[in-house]
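Residue numbers (our numbering), protein chains in the order written: chain A, 1 to 439; chain B, 440 to 888. Ideal Cβ placement from N, Cα and C applies to all residues, glycine included.
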């Protein structure tokens, strides 16, 4: 692979999307709202649910409860144990995915038209009647603990945890939503039931549906699937008090290549300058081969396989992050080049050519995101969570086009803080000054 | 990610490409060949005005000369440098300026380049891709800098990852005499010596139209694709000296082999087992189909045989799985992995895995489980119509790995025809301990104590 694109996907997810998709808002008889795109040419449906708050709703002292609870949703429900549930799912040739993060718990389902009702019944059982049997709890707990042990040996995880600890103060963002060995070991079934009640509620639910289903069919389906959820859950989290000190933190870890995670304060998605910031980032480090960081760090100097930066407007804090990995003896040079590029962009902005190319890329790449029922369902849920209008897709590229050179120059000056960047380096970097920046 | 992040990485380390074959509805696929030998596959999907343009070369790491491991992948990187008419980096910049994405990947049996763009830019993509098949102009500076990049890539993928290092050793032990035993990215000491001549000699012989599969997926008309392909690719002459793809083959394996890899960065020790296994062959895919389903039965998730024995009936394992990759030019492997639970030693985990396999050979195939697997395979034909790129990838990988269009299209039916007896016969033939490598990934001795 010439370059791993996983991070580009995260960037893509930070922004909602566009193409010739016709979205219908469906409100069920019971009052549940969903955005629907009808796609009758293939006899299946993709359904995306998201519950805002996610793992940030863990109760005090119960870190990891929402994560463990989410892992158990597919491990037995109603009168089915884990294997009976899995056999039932296989027998329908449907697939259900359950995932959780700092900002949301998400459910991604796809099912055939021919057995849609049975699939919805099964999905409903997993969401409303999870068994949380002691056997399943212990089995999945052990899987989570195994993952936590692996995280302790993973340079990227070590870097992320160190960065989060120093950036997010007392907010849940400061700690891993997977919890710790101690907290996960101590979780009880009651904790999982409480987490379930806290997170899965109608007042924080967003629904996107794409596929072979009409609005008339979808309404009753929504009520059947979700109507019996509680109206309200736990209070949503507060905004984080973001405080990223400038400097370098080195975490000593014996491995040949150092991983550096870097960041500074970012910009909220609702900010009127967000598109200008997006264009700026596209030029600076937006994940394409043409970005300044890729050009300077990889193409000219061969210091890394990949370097990128991305705006991360999370629900309760906005940060501007990046990552690079270089051999221990070369990471210092890579970091110096990144600092220089950050400073150069802050003081000089971008060129006319760069502005034009970035806008062409961002507008041209937009329709490429709509490549399948499930991706479109996810995009629609993201739009709803951001409070975007239902016709946003048709207007989005015009918003990118409207960004001017003055906008980018001003945002580069205001947003980029080359002296405020913090680098967390995991490895055994050579010749790297640690601690706060010298005055 | 809720549960086992580590497992995802582990599976990725075991298998360069997805193991579970899916089938496609055939009616939206058109194939033809150009006079110079280029084979073309068109997958129509008119739901969005987008196209994926992929050029697959029948040349991968297993086609490299001895001593130059990694040159196929190195050349893949270098193809983004200058040609007679384009500057270094201009290819990707042009794709980006047209709102597209591009990338490339290298495997044992193929190297592929792709762009995803608005459908009306297909001609431009072909023009540029045809240009770099013929007109690459490399400089010594390109070599120096890009070699540093692939070394950092190896650092990132392999040197920083004990699971990947272990996987390399497993492969090297499995293949005594075939190039599949050498990592795709190359051994570090050989990567450091790759030079301009290595890259160009590989390029000159293998980057030829009669050694390619062109796959176009998306909002396109097959007749238009044919016209564009003839205009841009049809003018490139075939390479008359293209060699046959004959690799040194494995001798019959008659001794079980063991690998123990110790690394302080190992958090979760595990047992890995690979068996040398037949691949999908043109016109003869039946045993591969049986092995494909066997992997699902043994280790395809919660309802699998290994999960039942090792994770539910007992708590020997926190995770178990079985994998088979049938798309391969030469002999492939059937793999299993067991992550022991707390307090379970690697030896105990290995013993439990072998006991489970032995009891499977007695119990045989559960008819209901087989029917559920076949049902899911049939459903996959519906779901895959939502994924034109997935169909494109399957054709590209198959046609560069010795299979034909007819084999790809017959595959769903071959899978549906597999019987319980076929599966047990394949299991008996392949799951021989003397045809296996068993590996332990573990911490250093002092760290264990």
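Using a C-beta cutoff of 8 Å, does residue 608 (chain B) count as contacting chain A?
On the second chain, position 169 is the one that residue 608 (chain B) refers to. For residue 608 (chain B), the answer is no, since every Cβ of chain A falls outside 8 Å of its Cβ.
Look at residue 710 (chain B) and residue 776 (chain B) and say whether their C-beta atoms are less than 8 Å apart.
Position 271 of the second chain, counted from the start, is the residue given in the question as residue 710 (chain B). Position 337 of the second chain, counted from the start, is the residue given in the question as residue 776 (chain B). It is a contact, given that the beta carbons lie within the stated cut-off.
Bridge partners - residue 251 (chain A), DSSP secondary structure assignment
On the first chain, position 251 is the one that residue 251 (chain A) refers to. Note: residue 251 (chain A) sits in a beta bridge opposite A:426.
What does the alpha-carbon distance come out to for the pair residue 461 (chain B) and residue 170 (chain A)?
Here residue 461 (chain B) refers to the residue found at position 22 when the second chain is read from its first residue. Here residue 170 (chain A) refers to the residue found at position 170 when the first chain is read from its first residue. Note that residue 461 (chain B) scores a pLDDT of 37, beneath 50, so its modelled location is shaky; the value from the coordinates is reported in the next line. Computed Cα separation, rounded: 47 Å.
Length of the line joining the Cα atoms of residue 413 (chain A) and residue 294 (chain A)
Residue mapping note: residue 413 (chain A) aligns to position 413 of the first chain, counting from 1. Residue mapping note: residue 294 (chain A) aligns to position 294 of the first chain, counting from 1. C-alpha separation (whole angstroms): 21 Å.
Using a C-beta to C-beta distance shorter than 7 Å, which residues of chain A count as neighbours of residue 815 (chain B)?
As a first step, residue 815 (chain B) is located in the second chain; it is residue number 376 there, counting from the start. Chain A residues near residue 815 (chain B): 90, 93.
Would you check if the segment 313 to 327 of chain A and the segment 359 to 366 of chain A touch, i.e. whether three or more CB-CB distances between them fall below 8 Å?
no
Mind pulling the chain B residues with CB within less than 7 Å of residue 289 (chain A)?
Residue 289 (chain A) sits at position 289 when you count from the first residue of the first chain. Here the neighbours are 528, 531.
Anything in chain B within Cβ reach of residue 173 (chain A), meaning under 9 Å, just list it in chain order.
Numbered from 1 along the first chain, position 173 holds the residue referred to as residue 173 (chain A). Neighbours of residue 173 (chain A) in chain B, taken as residues at a C-beta separation under 9 Å, are lacking, since the least C-beta distance is about 16 Å.
Identified DSSP bridge partners for residue 720 (chain B):
Counting from 1 along the second chain, the entry for residue 720 (chain B) is found at position 281. In DSSP, residue 720 (chain B) forms a bridge with B:723.
Closer than 8 Å is the cut-off here; do at least three beta carbon pairs connect the segment 64 to 71 of chain A with the segment 172 to 187 of chain A?
yes
If you pair each beta-carbon of the segment 34 to 47 of chain A with each one of the segment 365 to 374 of chain A, do three or more pairs fall below 8 Å?
yes
Does the distance between the C-beta of residue 322 (chain A) and the nearest non-hydrogen atom of the ligand ATP fall short of 7 Å?
Of the ligands one can find in the structure shown there are none, so the ligand ATP has no counterpart to examine.
Do residue 222 (chain A) and residue 32 (chain A) have their beta-carbon atoms positioned less than 8 Å apart in this structure?
Taking the first residue of the first chain as 1, we reach residue 32 (chain A) at position 32. Taking the first residue of the first chain as 1, we reach residue 222 (chain A) at position 222. For residue 32 (chain A) and residue 222 (chain A), yes; Cβs fall inside 8 Å.
Contact with chain A by residue 577 (chain B), beta-carbon distance below 8 Å:
As a first step, residue 577 (chain B) is located in the second chain; it is residue number 138 there, counting from the start. By this cut-off, residue 577 (chain B) is not an interface position.
If the criterion is Cβ atoms closer than 8 Å, does the pair residue 53 (chain A) and residue 236 (chain A) meet it?
If you number the first chain from 1, residue 53 (chain A) lands on position 53. If you number the first chain from 1, residue 236 (chain A) lands on position 236. Contact: yes.
Indicate the three-state DSSP secondary structure (helix, strand or coil) for residue 142 (chain A) in the structure shown.
As a working note, residue 142 (chain A) is residue 142 in the first chain. DSSP places residue 142 (chain A) in helix when its eight states are reduced to three.
Does the contact criterion of 3 or more C-beta pairs under 8 Å hold for the segment 553 to 560 of chain B versus the segment 496 to 507 of chain B?
Touching, no, given that fewer than three Cβ pairs across the two stretches are closer than 8 Å.
Please tell me whether residue 881 (chain B) has its Cβ less than 8 Å away from any Cβ of chain A.
For this step, residue 881 (chain B) is matched to residue 442 along the second chain. No, residue 881 (chain B) lies away from the interface with chain A (no Cβ there is under 8 Å from its Cβ).
Residues near residue 728 (chain B) in its chain [Cβ-Cβ closer than 7 Å; skip 5 each side]
Looking up residue 728 (chain B) in the second chain gives position 289. Cβ neighbours of residue 728 (chain B) beyond the five flanking positions: 853, 854, 857.
Consult DSSP for residue 492 (chain B) and reduce its assignment to one of helix, strand or coil.
Stepping through the second chain from its first residue, residue 492 (chain B) is reached at position 53. Collapsing the DSSP output to three states places residue 492 (chain B) in a strand.
Closest Cβ-Cβ distance between residue 203 (chain A) and chain B: below 8 Å?
Reading the first chain from its first residue, position 203 is the one you call residue 203 (chain A). Closer than 8 Å: no.
Note down, in chain order, each residue of its chain lying with its Cβ closer than 7 Å to the Cβ of residue 545 (chain B), except the 5 sequence neighbours on either side.
Mapped onto the second chain, residue 545 (chain B) falls at position 106. So the list reads 499, 500, 511, 512, 515, 623, once near-sequence residues are dropped.
Could you check whether the Cβ of residue 44 (chain A) sits closer than 8 Å to any Cβ belonging to chain B?
Here residue 44 (chain A) refers to the residue found at position 44 when the first chain is read from its first residue. Answer yes: the Cβ-Cβ gap between residue 44 (chain A) and chain B drops below 8 Å somewhere.
Which residues bound the alpha helix (DSSP H) around residue 239 (chain A)?
The residue you call residue 239 (chain A) lines up with position 239 of the first chain. First-last for residue 239 (chain A): undefined, no H or E at that position.
Contact set for residue 444 (chain A): own chain, Cβ-Cβ below 8 Å, skip 5 residues either direction
In the structure as shown, chain A starts at 1 and stops at 439, and residue 444 (chain A) therefore has no counterpart that could be examined.
At a cut of 8 Å, does the segment 412 to 432 of chain A reach the segment 330 to 345 of chain A through at least three beta carbon pairs?
yes
Looking at residue 827 (chain B): is its Cβ nearer than 8 Å to the Cβ of residue 482 (chain B)?
On the second chain, residue 827 (chain B) is found 388 positions in, with the first residue counted as 1. On the second chain, residue 482 (chain B) is found 43 positions in, with the first residue counted as 1. Yes, the Cβ-Cβ distance between residue 827 (chain B) and residue 482 (chain B) is below 8 Å.
Do you know whose CA, among A:229, A:395, A:275, lies nearest residue 408 (chain A)'s CA?
Along the first chain, read from residue 1 onward, the residue named residue 408 (chain A) stands at position 408. Closest option to residue 408 (chain A), Cα to Cα, is A:275.
With C-beta atoms as the reference, is residue 238 (chain A) less than 8 Å away from residue 386 (chain A)?
As a working mapping, residue 238 (chain A) is identified with position 238 in the first chain. As a working mapping, residue 386 (chain A) is identified with position 386 in the first chain. No, these two residues do not count as a Cβ contact at 8 Å.
Can you check whether the C-beta of residue 377 (chain A) is within less than 8 Å of a C-beta belonging to chain B?
Locating residue 377 (chain A) in the first chain gives position 377, where the first residue counts as 1. For residue 377 (chain A), the answer is no, since every Cβ of chain B falls outside 8 Å of its Cβ.
Does residue 800 (chain B) pass the burial test, meaning 16 or more other C-beta atoms within 10 Å, or should it be called exposed?
Stepping through the second chain from its first residue, residue 800 (chain B) is reached at position 361. Looking at its Cβ environment, which holds fewer than 16 other Cβ atoms inside 10 Å, residue 800 (chain B) is exposed.
Residue ranges of each alpha helix (DSSP H) within the segment 486 to 536 of chain B, 4 or longer:
510 to 517, 529 to 536
Of the listed residues A:241, A:350, A:82, A:178, nearest to residue 403 (chain A) (C-alpha basis)
Locating residue 403 (chain A) in the first chain gives position 403, where the first residue counts as 1. Looking at the Cα atoms, A:350 is the closest of the given residues.
DSSP three-state assignment for residue 666 (chain B), whether helix, strand or coil:
Taking the second chain and counting its residues from 1, one reaches residue 666 (chain B) at position 227. Three-state result, residue 666 (chain B): helix.
Which two residues bound the contiguous beta strand (DSSP E) that contains residue 798 (chain B)?
Counting from one through the second chain, the residue named residue 798 (chain B) turns up at place 359. Segment 785 to 802 is the alpha helix (DSSP H) holding residue 798 (chain B); no beta strand (DSSP E) there.
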